[in-house]
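Below is one structure, written out as C-alpha cells; the observations come after it.
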Amino acid sequence: MKNHTLVALVALSPTLALCTHASELDVTQVPATQVSIASAKYQPVFQTKTYSTALTASERVQIIALTTGALEKKLVRNGQAVQEGDILIELEDIDYVVNHKEAMANVLLAKANLKESKSAYERAIKVRKHGDLAESTFDKMEAAFEAAKAQLELAKAYEQRAQIELDRTKIRASTNGKITALYVDEGQVLSRGEPISYIVNDTMIDAIVELPSNDSFIQSIDNLTAELIVNNNSYAQNGRLFAIDGAIDPSKGTLKVRYRFDNRGDLLDGQFAKVVLSNNSKKGNIAVPQTSVLTDRSGKFVYLVVDNKIHLQRVTSLGTHGLSEILDGLNEGDQVITSATMKLYPGLDVEIKG
C-alpha cells in the first residue's frame, strides 16, 4: 500500500511543479490597471461670490481736547473740509498766557543767577591758584555754579511746557478731511482728554468683507479681485487688498478682509454696498471633474499618473464651477485620473486608456 502511494506522488510531482510555475507566470504577467485621465490646463473658469458691506473712510481721526478750558470760539461746522493744521476751536487762554509769562520770567531769573554764579566761580579759580581760598569754600562755589546751570535748564523746561499748554488752547486738525460729530458749543468747558469731533478722510474708501471660516476663498485671498457694487451699479475701479485680520473672529466665525478703493467723490462713508469677489486671473484656473477630487484626514487630493504609476497630489479647492472643481496645487499638463478610484492607491502601476 505504501509503495502505491509513493508511486502516485512521484507521478504527480511534475504536474505540481508545472502548476506552480504557471502560477508564478500569471503573477508576473498581471496587466497594469487601465485608467482614464484628463490633462490639467488653465481654462476661463472662475468663481464669484457677493458679500454685503458698509463702506468706511480709510482714515477716521478723533479730535480730543489736550488741555482744559472754556470754549471761546468754534471756527468750523459739521461737514466742513479742513486741512491739517487748521484751527478748529479756540479755548480761553488767559490763564495759560499768564503761566507762560511767569515761566519766561523764571528763565530770565535763572540766567541772571547763572551769570552771577559763574562769575564767582571763575574768581574762585584764580584765587585758589595762589592758595588764598579754603578748599571747602571753593567746593561750595563750584556746587553753586552747577546748581545754577541745572536751575536754568529746569526753568527752560517749565517754559516749554507752559508754551505747549498755551498752544493746546488752539485745537487744530491733525489730518485732512471733513469734520463730523462736532457737538460742542461756545461757552462749554472742555476737560483734558474730552472727545470733540472726528475728521473723516474719504479720499480712499474701504470695504470690509467678512469671509466665513469655511469659505474656500480664504485659501486664495491674495489672488482675488474685488468689484464694488453701489446702488446696483458697478464702480469704475476694482479695489486692492489692503489688510487681513490675523485670526478668525471666534464670536462670528469669520475672517475680516479689507479692500481699498480710490474715491472720486462718488462714494460716501457709511454707504451700503456689495463686494463681488472673484478668483479670476489672466490665465484662468485649473478645473477638474469633482469626482476626481478625494478627501482624507489631511485634506483634498487627486491621483496623477507619473511614469505609469499613481502619484498622490495634495490640492486646495478654490470652489466649484458646474460639475468641476477649481483647484490650486496642480501644474498645467498634469495627468489627473478621472476614472473610478476605489481600487487605486499610490505606487500602483497603471496604463492610460486610449
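Counted the way mature numbering (1 follows the signal peptide of the UniProt record, and there is no 0) counts, the sequence shown spans residues -22 to -1, 1 to 332.
Ideal placement from N, C-alpha and C gives every residue a C-beta, glycine not left out.
In this structure, N286 lies near V328, with their beta-carbon atoms less than 8 Å apart. The beta carbons of A16 and V266 sit about 6 Å from each other, so the pair counts as a contact at 8 Å. DSSP places A35 in the uninterrupted beta strand (DSSP E) bounded by T26 to I42. Assignment of N201 by DSSP, reduced to helix, strand and coil, places it in the helix class.
The beta carbon of T232 sits closer than 8 Å to those of E188, L189, P190, S191 and I226, all from its chain and outside the five residues before and after it, given in chain order. Spatial neighbours of K134 in its own chain (CB-CB distance under 7 Å, excluding positions within 5 residues in sequence) are listed in chain order as V85. By the neighbour-count definition (other C-beta atoms within 10 Å, threshold 16), D71 is a buried residue.
If you look at T115, you'll find it in the alpha helix (DSSP H) that goes E113 to D145. Taking the C-beta atoms as reference points, A185 is found nearer than 8 Å to L33. In its chain, beyond the 5 residues on either side, F239 and D240 have a beta carbon closer than 7 Å to the beta carbon of Q215.
When beta bridges are read from the DSSP output, G217 appears opposite A204.
Nearest C-alpha to L326 among Y281, S97, R170 and S229: Y281.
Spanning the alpha carbons of E80 and A102 requires a straight line of approximately 33 Å. In the displayed model, Q58 falls within coil according to three-state DSSP, outside both helix and strand. No Cβ-Cβ contact shorter than 8 Å links V60 with S302. Contact annotation: A126 and H78 have beta-carbon atoms that are not nearer than 8 Å. For the pair N309 and N257, the CB atoms are not nearer than the 8 Å cut-off. In the pairwise beta carbon analysis, the region 165 to 175 is classified as not touching the region 85 to 99: fewer than three pairs are separated by under 8 Å. Nearest C-alpha to S317 among R146, P9 and S14: S14.
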